[in-house]
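Protein chains: 2
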Amino acid sequence: MSESFHDVISTTRSIRRYRPDPIPADVLDRVLQAAVWAPSGGNRQPWRMIVVSDTDQKRKLGALYVEEWAKYVAYNMENAKNAPQEARDKLAAGLAVGTNLAEKMHEVPVVVFFVHDSRLIYVTDDHLPRTSVVGGASLYPAVQNLLTAARAEGLGGVLTTLIARREDEVREILGFPAEWGVHAMVPIGWPQGRHGPLARLPLAKMVHHDRWQD
Amino acid sequence: MSESFHDVISTTRSIRRYRPDPIPADVLDRVLQAAVWAPSGGNRQPWRMIVVSDTDQKRKLGALYVEEWAKYVAYNMENAKNAPQEARDKLAAGLAVGTNLAEKMHEVPVVVFFVHDSRLIYVTDDHLPRTSVVGGASLYPAVQNLLTAARAEGLGGVLTTLIARREDEVREILGFPAEWGVHAMVPIGWPQGRHGPLARLPLAKMVHHDRWQD
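Residue numbers (this note's numbering), protein chains in the order written: chain A, 2 to 215; chain B, 2 to 215.
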């Protein structure tokens, strides 16, 4: 971990292809510990990690994920049906990497499931006509800490949420309580390929000063 | 930024008291850039930052926040009404730090408002009986990057969400489009007091292996 904070955070990209090598227990513990350091509303820490390395468990969970991923691919291709062929090809190639991950989930060294107890979350946007997102404020900072800490160790991972579509079945496989939900599934491993660079909008497009400018 | 990634992430606590010193533009830009590096679903980056340093704007927004904070304090004290006096005193002391911040929001050097466009978010848990949280997966990783990057610069901040209760008024003050919502308000500045240590549950309490164990 000789890299600077800046080096780590500027190169933490989603990694979906891994070498089969196992993750040493001490390395994994440092990554999990970084997640625990994240903030949450009232410091209630309304979430837990279920760290799955058992191949049978990964197979069962991967089988759910692969079905949801296929629907997601179909949804994206349908949305892009009127796009130029070049854009469609690029989209299809990007989605193929995800398909490969979905089909090989049982080969990923570790898949971390994040589960939470909604009863401990103070939601402030559930009165609005838009989708409520604020519950995630106590949950996803920990997932991001996990991803950047993985990167600091040379590992790679990707934040996925499709598995929430199959929450009841995930609960049955993982055995968490009825009141708890699943909000993220993060495969991690030693990357095939490199970390960074990141494709993001320029800072000037992402920032407004004092007031929104059109 | 000579500290290691580990030093930064293990000491990034919520900071609610700041010195009045301004934040140099280059430092602030590095912090904002780190937020932009966060992942989002399909890399759609469905969010923007409105960086408020204008005192009049901070006064207007702080006036909304202070009202919501007072309700939050009342809610917490009511919930703890049957707790031992010592626990109530500790809770009240903790909340007083937040009250001080709420009342002095206009003195905080910079307050970053995070806004988002729900139409760009693929939500996978809106069919469930529990509160939907998955929309936050494309939003709060960026907020956490901002907080850890601020810490790497020696700055402190805190993730707050109460302002979402007043979304319509916030939209009027900040001028963002009708389709956009506000999901976080993060005051940042040079801390009074120290970074870290963090009070969190032990790792063993936060992690299950392969299956939930009671």
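Every residue gets a Cβ at the ideal spot worked out from N, C-alpha and C, and that includes glycine. Bear in mind the structure is a predicted one, so any value in this text is a computation, not a measurement.
### Task
Anything in chain A within Cβ reach of B/T162, meaning under 7 Å, just list it in chain order.
Per Cβ cutoff of 7 Å: T125, V135 and A138.
### Message
Which runs of the alpha helix (DSSP H) at least 4 residues long sit entirely within the segment 80-166 of chain B? Give them in chain order.
### Response
If only uninterrupted alpha helix (DSSP H) runs of at least 4 residues are considered, those enclosed by the segment 80-166 of chain B are 86-104 and 141-153.
Tell me which residues share the same chain as A/Y73 and place their Cβ nearer than 7 Å to its Cβ, disregarding the 5 neighbours each side in the sequence.
The residues are L163.
task: Note down the Cα distance separating B/R20 from B/N101, rounded to an integer number of angstroms.
output: Cα-Cα distance, rounded: 13 Å.
- prompt: Where does B/A200 fall in DSSP's three states?
  reply: Three-state result, B/A200: coil.
Item to complete: Consult DSSP for B/R18 and reduce its assignment to one of helix, strand or coil.
Response: In this structure, DSSP gives B/R18 a state outside helix and strand, which the three-state scheme calls coil.
- Query: Just the Cα atoms here: how many angstroms apart are A/R194 and A/V109?
  - Reply: Contrary to the premise, residue 194 of chain A reads as Gly rather than Arg in this sequence. One Cα belongs to A/G194, the other to A/V109, and the distance between them is close to 15 Å.
* Asked: Does the beta-carbon of A/Y76 have 16 or more other beta-carbons within 10 angstroms, so that it is buried, or is it exposed?
  -> The C-beta of A/Y76 has fewer than 16 other C-beta atoms within 10 Å across all chains shown, which makes the residue exposed.
Between B/R131 and A/R166, what straight-line distance do the alpha-carbon atoms span, to the nearest angstrom? Each residue's alpha carbon lies about 12 Å from the other.
Next on the checklist: Determine whether the beta carbon atoms of B/G155 and B/W191 lie at a separation below 8 Å.
Outcome noted: A contact, by the Cβ cut-off of 8 Å.
Q: For B/I24, collect the residues of the same chain with a Cβ closer than 6 Å to its Cβ; drop the 5 residues on either side in sequence, then sort them by chain order.
A: Sequence-distant Cβ neighbours of B/I24 in its own chain, meaning closer than 6 Å and more than five residues away, are P110 and V111.
**OP:** For the alpha helix (DSSP H) containing B/R1, list its first residue and its last residue.
**Re:** This structure cannot speak to residue 1 of chain B, because chain B is shown only from 2 to 215.
Task: Integer-rounded CB distance, given that A/G182 should sit under 8 Å from A/S119 - done: About 6 Å separates the two Cβ atoms, so the contact holds.
Quiz prompt | For B/W70, three-class secondary structure by DSSP | solution = For B/W70, the secondary structure class from DSSP, reduced to helix, strand or coil, is helix.
Query - Selection from B/P203, B/R45, B/I174 and B/V52 that minimises the alpha carbon distance to A/H210 - result: Nearest neighbour of A/H210 by Cα position, chosen from B/P203, B/R45, B/I174 and B/V52, turns out to be B/V52.
query: Is there a Cβ from chain B that is less than 8 Å from the Cβ of A/T13?
result: At least one chain B Cβ lies under 8 Å of A/T13.
Notebook entry, point to check: Is there a Cβ from chain B that is less than 8 Å from the Cβ of A/A88?
Noted result: No, A/A88 lies away from the interface with chain B (no Cβ there is under 8 Å from its Cβ).
Query - Test item: CB-CB of A/V187 and A/G158 under 8 Å - result: Contact flag set, yes.
| With 16 as the cutoff for other CB atoms within 10 Å, does B/A143 come out buried or exposed? | The residue in question, B/A143, is buried, as its Cβ has 16 or more Cβ neighbours within 10 Å.
- Are three or more beta carbon pairs between the segment 90-105 of chain A and the segment 27-38 of chain A nearer than 8 Å? The segment 90-105 of chain A, when compared against the segment 27-38 of chain A, does not touch it at the 8 Å Cβ threshold.
**Asked** In the structure shown, what three-state DSSP assignment does B/I189 receive?
**Response** Note: B/I189 maps to strand in three-state DSSP.
Inset, instruction - For chain A, find out if any of its Cβ atoms is closer than 8 Å to the Cβ of B/Y19; answer yes or no. - result: No, no contact with chain A.
(Q) In whole angstroms, give me the CA-to-CA distance for A/A84 and B/K206. (A) Approximately 49 Å between the Cα atoms of the pair.
Using only the alpha-carbon positions, how far apart do B/H117 and A/D126 sit?
Roughly 13 Å between the two C-alpha positions.
Going by Cα to Cα distance, which pick from B/A39, B/G95, B/S5 and B/D8 is closest to A/R14? When the alpha-carbon of A/R14 is set against those of B/A39, B/G95, B/S5 and B/D8, the nearest one is in B/A39.
| query | Any beta-carbon of chain A closer than 8 Å to the one on B/V74? | reply | For B/V74, no Cβ of chain A is located within less than 8 Å of the residue's own Cβ.
**Q.** A/H128 burial status per 10 Å Cβ neighbour count (16 or more: buried)
**A.** Exposed.
Practice item. Taking only beta carbons into account, state which residues of the segment 17-41 of chain B come closer than 8 Å to chain A, listed in chain order. Key: For chain A, the residues of the segment 17-41 of chain B that bring a beta carbon within less than 8 Å of one of its beta carbons are D30, R31, L33, Q34, A35, A36, V37, W38, A39 and P40, in chain order.
Is any beta-carbon of chain B found at less than 8 Å from that of A/P110?
Not one beta carbon of chain B lies nearer than 8 Å to the beta carbon of A/P110.
Measuring straight from C-alpha to C-alpha, what distance separates B/E170 and B/F177?
Looking at the two C-alpha atoms, the distance is approximately 11 Å.
**Asked** The alpha helix (DSSP H) spanning B/D30 covers which residue range?
**Response** Here the alpha helix (DSSP H) through B/D30 covers A26 to V37.
Out of A/L199, A/V67 and A/E180, point me to the one whose CA is closest to A/M47's CA. The question names Met, but residue 47 of chain A is Pro in the sequence shown. Among A/L199, A/V67 and A/E180, the Cα nearest to that of A/P47 belongs to A/E180.
Taking A/G63 as the query, report the chain E residues whose CB atoms sit under 8 Å from its CB, ordered along the chain.
The displayed structure is made up of protein chains A and B, and chain E is not among them.
- Message: Buried or exposed for A/A200, going by 16 or more other Cβ atoms inside 10 Å?
- Response: With fewer than 16 other Cβ atoms from the protein chains shown falling within 10 Å of its own Cβ, A/A200 counts as exposed.
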